[in-house]
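Heads up, the sequence shown is in our numbering, so the first residue is 4 and it goes up one at a time. Built from N, CA and C at the ideal position, the CB exists for glycine as well.
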Amino acid sequence: MGFNKQQLALLEHNVLSTVYLERIYEKCKTQRPVLLEVLERILETKFEFEEIRQYAGLANLFSHLPQREAFILSDTCGNVDGSTGNPLSNVMFGKHESIIEYHPIPVAFQNGTSKLLLVQYDPKKIRSIGKIPERLESSLTFIKTGIIPMHPYAHKIINEGQLSPTSDNCLETFTLLSKRSLVPLMNDYQIKTSLPAQITSEIRTIDWIVARDVIHSSNIVSQLAQKQLLPEKLWVLLTQYMSQANNDDRTTFLIRDGLQDAVSNSAQKGIPKEFSPITACSLTTRNILTPGKTLMESMIEFGFDGMDLFKEISRAMIHSQLDLIRLGWIPDSHTQNVIYLFDFKRKKFAGILQRDAESEKLQLAKLELLGIQVPLANDINPKLLRNLVDGDKKLITLYLHHTIYMKHIVPMANLLHEKYSIDATILCEYVQQCLVEWKQKNADYNIEQDIDLSDRFYDRNLACKTLNIGEPPHYRLIQNHPLLPKHFD
């Protein structure tokens with residue numbers, strides 16, 4: 004087929020990693036993940052594993068969990084299949100084959116938690132931006148002494164090339180879906196670490212300039228929230244501190260706010276206590292808690308209306324993203340970065356939590372018109388600021404179609420059609436109507452300056468992107484796509 008050596012190596016590595024995860028999935032048909040034991044100790048309760056496997060059992064478990072534990076359980080155990088919409092499934096490549104051991108599925112199944120190293124550096128050789136939130140100062144006092152929280156795989160790689168500080172101390176953490184973000188055992192904030200390995204198509208070290216952009220974006224989102232300009236029922240977790248040792252991107256880390264710090268149009272921080280946060284992709288992908296049954300199926304058994312879930316989530320995702328495009332802040336809202344909020348008492352979808360305030364694009368001129376104080380253009384990565392003409396209009400349409408339609412909406416539609424025999428035409432017509440409805444309600448704004456509103460669907464192939472086949476951004480146009488309206492009358 005013409006693959007080069009590097010592409011063949013990635014494919015072979017991917018096959019071995021996938022087989023490794025599939026074996027764990029098979030074991031979970033008869034064994035329970037150790038993570039459940041960890042949560043039992045924290046909550047001082049007992050989860051009857053056989054009850055979780057019963058009719059509506061998994062949804063019933065989530066209905067009783069505190070917010071933090073509901074998020075952790077869905078994020079660590081909820082996705083065996085990797086990036087939604089990637090034909091290569093679990094793409095996690097490193098210099099050492101052991102990299103797959105840091106995937107959240109084996110961590111949750113075998114150990115429950117993982118160790119985040121605390122590595123001592125010379126404080127004079129550490130630089131930082133931002134401020135540790137006051138609520139977290141007592142938990143993060145070690146940072147002021149020159150200690151860098153470091154992913155163990157990053158420490159291994161750094162040690163191979165040079166003499167690196169050793170680590171006698173560590174934090175016990177939960178490994179989240181991104182593989183490089185971790186939550187301390189008894190807290191709710193996240194530490195995002197550099198991971199010098201390829202996940203999907205990129206090496207996941209945290210470039211200092213890119214990290215600085217995250218702080219800028221968080222400041223912008225904070226102002227949007229203060230001015231009550233964010234979409235309704237949208238909450239966002241901000242990143243307010245970053246640090247690095249020895250000017251080495253492999254040591255960069257970020258501190259991301261916890262659930263109780265999420266910002267929205269409300270003056271009160273945090274997501275409402277009655278809402279349960281569940282990572283978006285965990286709704287429809289295979290999990291290691293109930294192999295053979297998705298969480299969405301369990302929720303329907305519990306009393307949620309499947310069609311209502313589809314409608315409410317589809318509408319919320321399409322409308323909120325178009326609202327944000329109009330504002331000038333375009334986040335990366337793929338199904339790993341978005342957390343759905345559910346009210347299990349009312350059995351309703353309740354809102355969206357954006358896991359971070361990072362940006363796919365920033366439109367400074369739009370934001371300034373809204374009274375948002377923005378950084379100077381030369382202080383931001385040029386990639387985020389290219390004018391929305393030609394190439395960027397194409398990229399934003401590609402983002403909307405691939406990230407929102409293909410990753411959030413299509414998996415739910417497939418499940419409803421295949422499991423419950425709901426007519427696919429009805430599902431497609433509703434999605435079409437969501438776009439028509441938004442355009443009609445925003446008649447004062449020309450959204451066509453930002454996205455292509457023809458019936459051409461921008462379909463991305465992540466396998467080509469991962470294997471570096473063809474020209475970026477690795478997409479094709481599909482005419483007369485059933486999810487897109489042919490007219491807006």
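Is residue i helix, strand or coil when you go by DSSP?
i    : result
C80  : helix
R463 : strand
Y343 : strand
V94  : coil
C86  : According to the sequence displayed, residue 86 carries Ser and not Cys. Coil.
M415 : helix
G374 : coil
R56  : coil
R71  : helix
L13  : helix
M245 : strand
F256 : strand
R35  : coil
L120 : strand
P152 : strand
K369 : helix
S101 : helix
S66  : helix
K272 : coil
I472 : coil
K364 : strand
I454 : coil
What is the rounded straight-line gap between the Cα of residue i and the Cα of residue j?
i    : j    : result
H484 : D458 : 6 Å
D453 : P334 : 14 Å
S66  : M299 : 13 Å
F6   : A265 : 45 Å
E30  : P36  : Inspection of the sequence shows that residue 30 is occupied by Lys rather than by Glu. Roughly 9 Å between the two C-alpha positions.
D326 : T282 : 22 Å
L143 : T176 : 14 Å
Q339 : E315 : 19 Å
T21  : S92  : 8 Å
S406 : P475 : Note on residue identity: the sequence assigns Thr, not Ser, to residue 406. Taking the straight line from one Cα to the other gives about 16 Å.
C80  : Q231 : 35 Å
R463 : S336 : 15 Å
K396 : D455 : 7 Å
N268 : L240 : 13 Å
S323 : V224 : 14 Å
E363 : E54  : 42 Å
P155 : K118 : 7 Å
K468 : Y408 : 19 Å
Let me confirm a value: residue i is counted as buried when at least 16 other C-beta atoms fall within 10 Å, else exposed. Which label applies?
i    : result
E361 : buried
G354 : buried
Y423 : exposed
H106 : buried
F347 : buried
K98  : exposed
D125 : exposed
E72  : buried
T148 : exposed
K410 : buried
Y478 : buried
P385 : exposed
V18  : exposed
M4   : exposed
Check whether the Cβ atoms of residue i and residue j sit closer than 9 Å, and answer yes or no.
i    : j    : result
S246 : C437 : no
L14  : L470 : yes
F345 : F278 : yes
L3   : Y343 : Any answer about residue 3 is impossible in this case: the structure gives the chain only from 4 up to 492.
G331 : A380 : no
N290 : V94  : no
I258 : Q193 : yes
I151 : A248 : yes
R253 : T203 : no
N162 : L121 : no
K276 : F307 : no
Scan the region 168 to 202 and note each continuous beta strand (DSSP E) run of 3 residues or more that stays entirely inside, going in chain order. 172 to 178, 184 to 187, 193 to 196, 198 to 202
Taking only runs of the beta strand (DSSP E) that begin and end inside the region 195 to 240, which ones reach a length of at least 3 residues, in chain order? 198 to 202, 205 to 207, 237 to 239
Output the residue ranges of the beta strand (DSSP E) runs that lie fully inside the region 278 to 362 and measure 3 residues or longer, sorted by chain position. 279 to 282, 341 to 346, 351 to 357
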